[in-house]
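Residue numbers (our numbering): 633 to 995.
Just so it is clear, CB atoms sit at the ideal spot from N, CA and C, and this is done for glycine as well.
All of these numbers come straight from a predicted model, not from anything done at the bench.
Please read the structure below before turning to the comments.
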């Protein structure tokens, strides 16, 4: 049985994790899937502990996600939110009725003294999720962004202000005092493949990698680590990843993502997955010492998710050039810097996923 551990934020991380779960279920191959999820986006609102990225992963893997908004639960109703508005309470962070039940149960569990990891496992099992969903830490970590108006809590910037502000700096309050849980360390050390999802490198992946104990458990020389670029054709599919890459000193491109990982985490990532639209940057990415898988990284439906998951699993342990044809009919190619790569791929344009009315996920 192959053991795969994913490091993930919300939107992109949920889609890829779902693809890995679908592939395991339909391929007949035994696979143990663990997902270590960013919790630096968590917030307390109306007395409730809300974990947006964990919830997006959980709802998606349970088949309960609202595919129209990209966040929250399907078949949602809004009576509770309507009453909050009548009471004059803040409603900028929209909470549906079914979603509220999750936060109520989570908060009650935490107040009863259980760890976030334990409560998350209970919630996921109740929804029939077979993968292990693991918060990156049980300790409180909160992302803040510095804008022209000063420091803002992440959700104030991202949801309330719809990530319209220019960001000059990030900080992760509580990160130095946090520690990875025994469950996270176990999942990382036992993994035979580690995948960094197409999540925001700054807002989702960086907090996970910054948790004390995580980097030490990754052992890149022991296990292949594959990262998926969240940038396609110079833009993020959702969220502000492209703008953050530029404002924090890089460039909004697959090459910018490659440089970010290569320079900030030297030797950590073995293979970078980029979209066929960015094949023109292939040589420059390889020059950084990275293997490259070029394919269609948009995941518009379950078939796309399953195809990309399969290609990533195949790329995880191989160093030779390979060609494959994905479910979309477009050719994927994998290259190693030590050998010649295949020629450019081609395919039609595709629209990015629509944004929700709360806001789109950071990842």
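Residue i, buried or exposed, once every other Cβ within 10 Å from all chains shown has been counted against 16
{"i": "residue 655", "result": "buried"}
{"i": "residue 996", "result": "The requested residue 996 does not occur in the structure, where the chain is confined to residues 633 to 995."}
{"i": "residue 736", "result": "exposed"}
{"i": "residue 696", "result": "buried"}
{"i": "residue 980", "result": "At residue 980, the pLDDT of 27 sits below 50, so the modelled position is not reliable; the number obtained from the coordinates is stated separately. Looking at its Cβ environment, which holds fewer than 16 other Cβ atoms inside 10 Å, residue 980 is exposed."}
{"i": "residue 740", "result": "exposed"}
{"i": "residue 719", "result": "exposed"}
{"i": "residue 770", "result": "buried"}
{"i": "residue 851", "result": "exposed"}
{"i": "residue 963", "result": "Because the pLDDT at residue 963 is just 42, under 50, the model does not fix this residue reliably, and the value given afterwards should be weighed accordingly. By the neighbour-count rule (16 or more Cβ atoms within 10 Å), residue 963 is buried."}
{"i": "residue 812", "result": "buried"}
{"i": "residue 800", "result": "exposed"}
{"i": "residue 898", "result": "exposed"}
{"i": "residue 663", "result": "buried"}
{"i": "residue 745", "result": "exposed"}
{"i": "residue 809", "result": "exposed"}
{"i": "residue 641", "result": "buried"}
{"i": "residue 861", "result": "buried"}
{"i": "residue 903", "result": "buried"}
{"i": "residue 679", "result": "exposed"}
{"i": "residue 649", "result": "buried"}
{"i": "residue 1013", "result": "Residue 1013 is absent from the model: the chain starts at 633 and stops at 995."}
Residue i and residue j closer than 8 Å at C-beta
{"i": "residue 780", "j": "residue 758", "result": "no"}
{"i": "residue 859", "j": "residue 820", "result": "no"}
{"i": "residue 823", "j": "residue 938", "result": "no"}
{"i": "residue 907", "j": "residue 928", "result": "yes"}
{"i": "residue 671", "j": "residue 683", "result": "yes"}
{"i": "residue 681", "j": "residue 673", "result": "no"}
{"i": "residue 723", "j": "residue 732", "result": "no"}
{"i": "residue 686", "j": "residue 653", "result": "no"}
{"i": "residue 646", "j": "residue 699", "result": "no"}
{"i": "residue 825", "j": "residue 855", "result": "yes"}
{"i": "residue 785", "j": "residue 807", "result": "no"}
{"i": "residue 828", "j": "residue 945", "result": "no"}
{"i": "residue 925", "j": "residue 947", "result": "yes"}
{"i": "residue 755", "j": "residue 748", "result": "no"}
{"i": "residue 690", "j": "residue 751", "result": "no"}
{"i": "residue 912", "j": "residue 894", "result": "no"}
Min CB distance residue i to chain D below 8 Å
{"i": "residue 721", "result": "Here there is only one protein chain, and chain D is not present."}
One or two residues paired with residue i in a DSSP bridge
{"i": "residue 755", "result": "DSSP, once it has assigned bridges, lists no residue as partnering residue 755."}
{"i": "residue 636", "result": "665 and 825"}
{"i": "residue 646", "result": "DSSP lists no partner for residue 646."}
{"i": "residue 868", "result": "863"}
Problem - Complete alpha helix (DSSP H) runs within the segment 875 to 959 (minimum length 4 residues, chain order) - result: 886 to 896, 914 to 918 and 934 to 947
Handout entry: Sufficient close CB pairs (3 or more, under 8 Å) joining the segment 833 to 842 to the segment 863 to 883
Key = yes
Handout entry: Whole beta strand (DSSP E) elements within the segment 800 to 860, 3-residue minimum
Key = DSSP runs (the beta strand (DSSP E)) wholly in the segment 800 to 860: 801 to 805, 825 to 828 and 857 to 860.
Practice task
Report yes or no: do three or more beta-carbon pairs, one from the segment 885 to 893 and one from the segment 864 to 877, lie closer than 8 Å?
Solution key: Short answer: they touch.
Problem - Three-pair Cβ contact test at 8 Å for the segment 784 to 791 versus the segment 710 to 719 - result: no
Practice task
Can you check the segment 745 to 789 for any alpha helix (DSSP H) of at least 4 residues that lies completely inside it and give the ranges in chain order?
Solution key: The DSSP assignment places complete alpha helix (DSSP H) segments of no fewer than 4 residues inside the segment 745 to 789 at 748 to 758, in order along the chain.
Practice task
At 3 residues or longer, and completely inside the segment 674 to 758: list those beta strand (DSSP E) runs for me, N to C.
Solution key: 675 to 677 and 680 to 682
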